[in-house]
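All the letters of the sequence shown, read from the start, carry residue numbers 4 to 350 under the working numbering.
C-beta: ideal position from N, C-alpha, C; glycine also.
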Amino acid sequence: MASGHLFNSDSLNEGNGDRPTSLSQTAKPAARQEQASGQSCTIAVVGDVHDQWNAGDQRALQRLGVDLVLLVGDFGNESVDIVRAIASLPLPKAAILGNHDAWYTATGWGRSKCPYDRKREDRVQQQLNLLGEAHVGYSKLDFPQLGLTVVGGRPFTWGGADWKNDDFYRDRYGVNNFEESTQRIVNAALSSEYSTVLMIGHCGPSGLGDLPEDPCGKDWHPIGGDHGDPDLEQAIARIRQAGKQIPLVAFGHMHHSLRHTKTQLRRPIHLDTEGTLYLNAASVPRIIEAEEDTLHNFSLVTLQDGEVWQAALVWVSEEGTVYSKQVFYQKPLATTEAEPQTVSSVV
Ligand SMILES: [Fe+2]
């Protein structure tokens, strides 16, 4: 397990000017069979890739010493080669495909723009085949070494309160409406091996706010409105009722950079009254050329005793050197009554 103490000495705003910190020498104690008190694990959440993935990502993730990688989709516009590279990542992982991953398949507009012969190949299915069990859309994957299960929401979602792409979901999944979709997600969670369930969606659930800068807020004209997935919100409630604990819901789709203003960024996290942390990981572009290095971003979440201890966005070199880190959430100390600390700005 990566140690939770890694970031204990961080301030809430480590800037780009801080001395780079190498995490590559972090010792990894032996894996465990069950979650136990005092143990922690570090999870990397990869936000919308949009064709930005290379060998440096694998190297950086390995040097960071993460225990689990969660990928929330939009790898490209049916970019099979990107998905192939991600499928070969030699780390524990779970992924869900996004709307761009069915860009030329799910809608009539997309099919009219399709650059390949859809009668001869099905690139949506190719991506699903490549990911195999790592694709948890309407499914789950147990991680015995971590003592938790990852459950996926509705794959290929565009978000929002209207049921879209009827033919696509009917033909591929036999799902015809939000209620049936909710039930598919719940069924996956109820088959999970562990009581601790992490959830991933391409879009987050509804219920996180209706301002354009909220985690799933609509930032295009007319701005405002909750663009989250109603089936995911319903599923989370029912999964909890069934006795599962959900410390983390991770997603992307709604980019941190906003369309209606450049004076602020999207609020990337939300903590609900049940203690679930919702994390929007879509810091796009996720690879940038800095002055001295190429930097990749990951959201790093530390779980401790089945709860999120910290969630942060890091920019990392391809050698695993952390150039900057912004802590979005830090669990308050048990001995204080302070509210959770949050930072809404990103690098
Ligand atoms: Fe998307």
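Proximity of residue i and residue j at Cβ, strictly below 8 Å
i	j	result
G50	V75	yes
R270	D217	yes
G155	T199	no
I203	V287	no
C206	T160	yes
L274	L280	yes
I272	Y176	no
R126	E81	yes
A47	L303	yes
A315	L282	no
F301	V317	yes
A285	G246	no
Q130	L100	yes
I188	D234	yes
A137	K96	yes
Y119	T152	no
A63	L133	no
V319	L306	no
A164	I242	no
R157	S184	yes
C44	L71	yes
Q244	G309	no
Span separating the alpha-carbon of residue i from that of residue j
i	j	result
Q186	N180	10 Å
A337	G162	36 Å
A58	P93	12 Å
P250	D60	26 Å
A109	P335	43 Å
A88	H53	13 Å
R123	M257	33 Å
G135	D84	15 Å
K221	A98	24 Å
H224	T264	12 Å
S142	H230	23 Å
G228	S209	10 Å
D296	V330	22 Å
F146	L67	19 Å
E277	C117	44 Å
E322	Q55	17 Å
Q237	E294	45 Å
S327	A240	35 Å
V178	N190	13 Å
C219	L201	19 Å
P215	H103	21 Å
T29	V325	Low confidence applies to T29: its pLDDT is 36, below 50, so where it sits in the model is not reliable, and the reading given next is rough at best. If I take the Cα positions, the gap works out to 13 Å.
Opposing strand residues paired with residue i [DSSP bridges]
i	result
D174	None, per the DSSP bridge assignment.
S327	W318
F301	V317
C44	L306
A97	L73
L268	S260
Q2	Any answer about residue 2 is impossible in this case: the structure gives the chain only from 4 up to 350.
V311	L306
D229	G220
E292	T297
P208	D232
L131	Answer by DSSP bridge pairing: none, since L131 is not bridged.
L274	L280
Residue i, DSSP secondary structure in three states
i	result
P32	Residue placement at P32 is flagged as unreliable, the pLDDT there being 37, under the threshold of 50; the coordinate-derived value follows with that caveat. P32 falls in the coil class under three-state DSSP.
N179	coil
N283	strand
T152	strand
V52	coil
G59	helix
L336	coil
G68	coil
A253	strand
P218	coil
D165	coil
E37	Confidence in E37 is poor, its pLDDT being 48 and thus under 50, which makes the residue's placement unreliable; the coordinate value appears in the next sentence. Here E37 sits in coil by DSSP.
D145	strand
I188	helix
L92	coil
H103	helix
L15	At L15 the pLDDT is 30, less than 50, meaning the model places this residue with poor confidence and gives no usable figure here.
S25	Residue placement at S25 is poorly supported in this model, since its pLDDT is 38, which falls under 50; the coordinates are not used for a value here.
Exercise. In chain order, what are the residues with a CB under 5 Å from some non-hydrogen atom of ligand 1?
Worked result: D77, G101, N102, H256
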